[in-house]
Each structure stands twice: as C-alpha cells, then as structure tokens.
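In the numbering used here, the protein residues as written are 17 to 260.
What follows is the structure, given as structure tokens:
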C-alpha cells in the first residue's frame with residue numbers, strides 16, 4: 017500500500033473512532049447528564065493525559081521552544097474565552113450562566129477540533145517518515161480518539177443545545193482526516209519544527225480547558241469519586257501513550 021492510501025485510510029479510522037464515541041453517548045444520554053460531574057472529572061483526566069503524555073513530549077522532541085508555544089496556546093485560549101462576551105448594548109440578552117456555558121463549549125470545541133486536526137497532520141507526517149512509524153502513530157491516535165469522542169460530545173452536550181453539540185462533535189471527528197488530507201499536499205515540505213510548534217500550541221490550549229473549565233466544576237460535589245475518575249482518565253491516556 018502506498019503512502020497516500022495509508023494516510024487516508026488510518027486518518028479515516030481515527031475519525032470513525034471518534035464517531036463511535038459520539039454514538040455511545042447518544043445511546044446513554046440520560047446517564048451522561050445524570051452523572052455529568054463524573055464525566056467532567058474523567059474528561060479532565062483525559063485531556064490532561066493527552067497534553068502531558070502525548071502532545072508535550074512530542075513537541076519537545078521537535079522544537080526547542082516547546083514551552084514558549086505551550087504558554088502561547090494557554091494564553092490564546094484564555095484570551096479567546098475572555099473575548100467571547102455579549103456587550104450590554106446588544107439586542108440579544110442571555111443569562112450570565114448561559115453565556116458562560118456557551119463560551120466554554122466554543123472554547124472546548126476549538127481546542128478539541130485543533131487537536132484532532134493536528135492528529136491528522138501527525139498521521140500524515142509519520143507516514144512521510146516511514147510506514148512502520150506511521151502505523152504505530154496511527155494506532156495510538158485511533159485508540160485515544162474513541163474516549164475523545166465520548167468526552168467531546170458529552171462535554172458539549174452539557175454546555176450547548178443537543179443539535180449544536182452533535183454538529184460540533186462530528187466536526188471534531190472530521191478534523192483528523194481533514195488534517196491528514198491537507199498534510200498530503202505538504203507532507204514533503206512541512207518541517208518538524210512547524211509541527212512541533214503546532215503540537216505545543218494545541219497542548220497549551222487543552223491544558224487551559226482542563227485547568228480553567230473542567231477541574232473547577234468537579235469541586236461542585238464532594239467525595240473521592242471525582243478524584244478517582246480524574247485519575248482514571250489520566251491513567252488511561254498514560255497507557256495509551258505507551259502504545260504510540
């Protein structure tokens with residue numbers, strides 16, 4: 017099989033893995049909503065795991081300025097969330113809580129979409145290096161896209177209307193093959209330094225989502241269950257990162 021086929025095939029599998037996660041949430045919506053704080057705890061662990069065990073190490077291998085771009089990604093998404101506001105003179109009025117949830121949903125979607133998009137680029141670049149590296153990298157991406165699909169839809173569903181959450185979740189699923197297809201045109205010219213910088217920015221944005229949006233919500237209920245689900249999410253991504 018040639019490189020182009022491998023890139024398209026495995027990035028499509030990654031997208032389908034995300035869609036499978038979305039389907040699981042669709043069939044268990046009541047359970048997800050009933051235990052949303054547990055879902056948020058688990059999602060925070062997953063996102064922290066993605067950032068620390070997958071994105072940060074990869075970026076540090078590719079660029080000496082990884083920490084600079086990690087901070088850049090964190091600050092960019094802080095500014096994004098701070099900038100999405102409804103001015104007092106607007107004709108549309110929302111409850112403050114509704115605005116917060118809408119902003120959070122948009123920020124989470126942006127970070128998750130960008131992460132999935134970069135996953136597609138990573139698949140493309142890895143196959144550009146060699147088929148063995150491409151296959152190993154693709155397997156790691158596919159495995160962590162399944163819990164990402166569950167996380168993406170359940171979190172967006174908790175912040176946005178169902179139809180909007182579903183559309184955004186499907187867009188996240190399509191981001192991986194989209195990134196891979198775009199990478200096909202540049203796989204021979206895209207430098208490792210550029211990929212490293214993009215990965216670092218993505219990691220910083222997801223770190224912001226976990227630290228500023230998800231973890232604070234886990235404090236709304238007492239008990240060790242939330243901490244347990246957060247640690248479970250981190251552990252899962254730690255194990256998956258060793259499969260890359």
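Here a beta-carbon is modelled for each residue, glycine too, at the ideal position from N, C-alpha and C.
The alpha-carbon separation between residue 173 and residue 131 amounts to approximately 19 Å. Our two residues, residue 28 and residue 170, have alpha carbons roughly 22 Å apart in a direct line. When rounded, the separation of the alpha-carbon atoms in residue 229 and residue 21 is 39 Å. Bounds of the alpha helix (DSSP H) holding residue 198 are 178-202.
Here the C-alpha atom of residue 240 lies approximately 20 Å from the C-alpha atom of residue 65. Only exposed fits residue 39, as fewer than 16 other CB atoms lie within 10 angstroms of its CB.
At a Cβ-Cβ threshold of 8 Å, residue 93 and residue 185 do not count as neighbours. Collapsing the DSSP output to three states places residue 242 in a helix. CA-to-CA, the gap between residue 25 and residue 201 works out to about 16 Å. Each of 235, 183 and 62 was checked against the Cα of residue 122, and the nearest Cα belongs to 183. In this structure, DSSP gives residue 77 a helical state, which the three-state scheme calls helix. CA-CA distance, residue 139 to residue 43, rounds to 30 Å.
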